[in-house]
Amino acid sequence: MVVCTDFSACSDTALQRAADIAAPDEIRVFLIHVCDPKKAKGPGGRELPEGDGQGWDEDSMRQLKEARRRYFGHLNDTDVQYDAIPSAHPSMEICKIAEDTKASLIVLGSHGRTGMLRRLLGSVAEATVRHAPCSVFVVREAAIRT
Numbered sequence: 001m002v003v004c005t006d007f008s009a010c011s012d013t014a015l016q017r018a019a020d021i022a023a024p025d026e027i028r029v030f031l032i033h034v035c036d037p038k039k040a041k042g043p044g045g046r047e048l049p050e051g052d053g054q055g056w057d058e059d060s061m062r063q064l065k066e067a068r069r070r071y072f073g074h075l076n077d078t079d080v081q082y083d084a085i086p087s088a089h090p091s092m093e094i095c096k097i098a099e100d101t102k103a104s105l106i107v108l109g110s111h112g113r114t115g116m117l118r119r120l121l122g123s124v125a126e127a128t129v130r131h132a133p134c135s136v137f138v139v140r141e142a143a144i145r146t
């Protein structure tokens, strides 16, 4: 199972759903954060200076390690791998990782942007669903409120 996070509240909900699915000794989890370093945010979501992608991976790895502990602590350490991956095209990288790892499921959150905002910003979830080599479980942001 490939589990994607952008460290948002929506991703936290997706991580929880993925943790509910993951049973010990039955599944391998690849917890990933795919980000264009040029568009990376600093700790707490603050903007970095223009063009400064320095340190995004260290902060991302720290957050991934914490997410691994928090959501997948019930699994053996060898069953959960995590990585921060630089890519200008997150959905394509997610699909490549799913293919390379022979994942049967991708889990990710969706912020639920619609209309013009989605057309301007794109939708990682939508593109992942279209190109994925396996099933995709998209956790909607609205799930946070339920």
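Counting in the working numbering, the sequence shown runs from 1 upward without gaps. Think of the CB as a built atom: it goes at the ideal place given N, C-alpha and C, for glycine as much as any other residue.
- If you check the beta carbons only, do leucine 108 and valine 80 fall under 8 Å apart? No.
- Message: Let me confirm a value: arginine 68 is counted as buried when at least 16 other C-beta atoms fall within 10 Å, else exposed. Which label applies?
- Response: Its Cβ being crowded by 16 or more others within 10 Å, arginine 68 is buried.
- Message: According to DSSP, is leucine 75 part of a helix, a strand, or is it coil?
- Response: Residue state for leucine 75 is assigned as coil, using DSSP reduced to three classes.
- Item | Residue environment, glutamate 66, which counts as buried when at least 16 other CB atoms sit within 10 Å | That one is exposed.
- Query: With respect to the alpha helix (DSSP H) encompassing arginine 130, which residues constitute its N-terminal and C-terminal limits?
  - Reply: Annotation: the continuous alpha helix (DSSP H) that includes arginine 130 extends over 124 to 131.
- Task: Using only alpha-carbon positions, find the residue among Gln63, Ala19, Pro37, Glu126 that is nearest to methionine 1.
- Result: Checking every option, the nearest Cα to that of methionine 1 belongs to Ala19.
- Any chance the CB of histidine 33 is under 7 Å from a heavy atom of the ligand HEM? In the structure shown, the ligand HEM is absent, as is every other ligand, since no ligand is present at all.
- Got a sec? Which residues, its chain only, sit under 6 Å from alanine 88 by beta carbon, not counting five neighbours each side? By the criterion of a C-beta distance shorter than 6 Å, alanine 88 is surrounded in its chain by Asp36, once the five residues flanking it on both sides are discounted.
- Reduced DSSP secondary structure (H/G/I, E/B, other) of cysteine 95: Helix.
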